[in-house]
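All remarks here apply to the structure that follows.
Residue numbers (this note's numbering): 105 to 207.
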């Protein structure tokens, strides 16, 4: 059994029991969360939505909030003594997938 859904502009293929990293969502660790933009569900047979599956949702629990490893960006122009270093850390949430519901 698996489902394909969208959150944070990305699509994820999940099964119950998976722990995934998604763009940071609101809520405290331990809170339940539901994802309603489900594109496909496989429970025995495959159900594909147009574009989403009606009355389908993926439920999960927020495990933790954190920030990803630093991405370093270097801007450089030769012969001009110009050099800039920037960094970025993207916040994310880890979600434990509990159930896939199709009504």
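C-beta: ideal position from N, C-alpha, C; glycine also.
Keep in mind the model is a prediction, meaning the values are calculated, not measured.
Can you find the residues in the same chain that come closer than 6 Å, C-beta to C-beta, to residue i, ignoring five residues on each side of it along the sequence?
| i | result |
| --- | --- |
| residue 153 | 143 |
| residue 140 | 161 |
Using 8 Å for Cβ pairs, my map puts residue i next to residue j. What's the rounded Cβ distance?
| i | j | result |
| --- | --- | --- |
| residue 108 | residue 134 | Not really, about 26 Å apart at Cβ, beyond 8 Å. |
| residue 136 | residue 111 | Not confirmed; about 15 Å, so no contact. |
So, are the CB atoms of residue i and residue j less than 8 Å apart?
| i | j | result |
| --- | --- | --- |
| residue 201 | residue 130 | no |
| residue 208 | residue 171 | Any question about residue 208 goes unanswered here, given that the chain covers just 105 to 207. |
| residue 193 | residue 174 | yes |
| residue 123 | residue 196 | no |
| residue 138 | residue 168 | no |
By DSSP, does residue i sit in helix, in strand, or in coil?
| i | result |
| --- | --- |
| residue 154 | coil |
| residue 159 | coil |
| residue 182 | coil |
Once the 5 residues before and after residue i are set aside, which same chain residues still bring their CB inside 7 Å of it?
| i | result |
| --- | --- |
| residue 145 | 107, 151, 157, 160, 204 and 206 |
Beta-carbon within less than 8 Å of residue i's beta-carbon, same chain only, minus the 5 sequence neighbours each way: which residues are those?
| i | result |
| --- | --- |
| residue 185 | none |
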